[in-house]
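Colleague:
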Amino acid sequence: MNDNSQLYFSGGSLRYLGATGNATVILTGGWIKEINAYYPAPGDLNHITIYCQPGWTYEDYYLSGLWLDGSAFNIKIYSQGASGILDNLTIIPEPATLMLFGLGGVVMRRKRNRTHS
435 MNDNSQLYFS
445 GGSLRYLGAT
455 GNATVILTGG
465 WIKEINAYYP
475 APGDLNHITI
485 YCQPGWTYED
495 YYLSGLWLDG
505 SAFNIKIYSQ
515 GASGILDNLT
525 IIPEPATLML
535 FGLGGVVMRR
545 KRNRTHS
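Take 435 as the starting number for the sequence shown in my numbering and just add one per residue.
Listed below in structure tokens is the structure:
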């Protein structure tokens, strides 16, 4: 992918994804073996967004976790060029989990305010 191209990938199998030239990639599921995010110069960046459950890890070039549907992923992510591997990688945890954290915070705050009144 290059020259400002966009990809939304939500299932299936993908052995290799190369992204350069201001590409935008959104990943929500499927099997992906490896991603090469090539950044030829600072400012010429790709943006890769991954929607998954909380608890993902990145170690030794491998991003591992669970997609929103609960299926596992283990993607090799590497970069060639001026920027680091994770410079434009955005991991977005499951929206329902974020909502529960927010709701829990509101409940705890209300309980705390009642005890201090």
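Ideal Cβ placement from N, Cα and C applies to all residues, glycine included. Fair warning: this is a prediction, and the values are worked out from it, not measured in the lab.
#1: Measuring straight from C-alpha to C-alpha, what distance separates Leu500 and Asp494?
#2: Of all the options Ile511, Thr462 and Arg449, which has the alpha carbon lying nearest to the alpha carbon of Cys486?
#3: Mind reading off the beta-carbon distance from Gly489 to Gly464? Whole number of angstroms is fine, and I expect it under 8 Å.
#4: Please state whether DSSP places Gly499 in a helix, a strand or coil.
#5: Check each candidate in Gly452, Thr458 and Leu523 and name the one with the smallest Cα separation from Asn438.
Modeller: Quick look at the numbers:
#1: 18 Å
#2: Thr462
#3: Gly489 to Gly464, Cβ: 19 Å. No contact.
#4: strand
#5: Thr458
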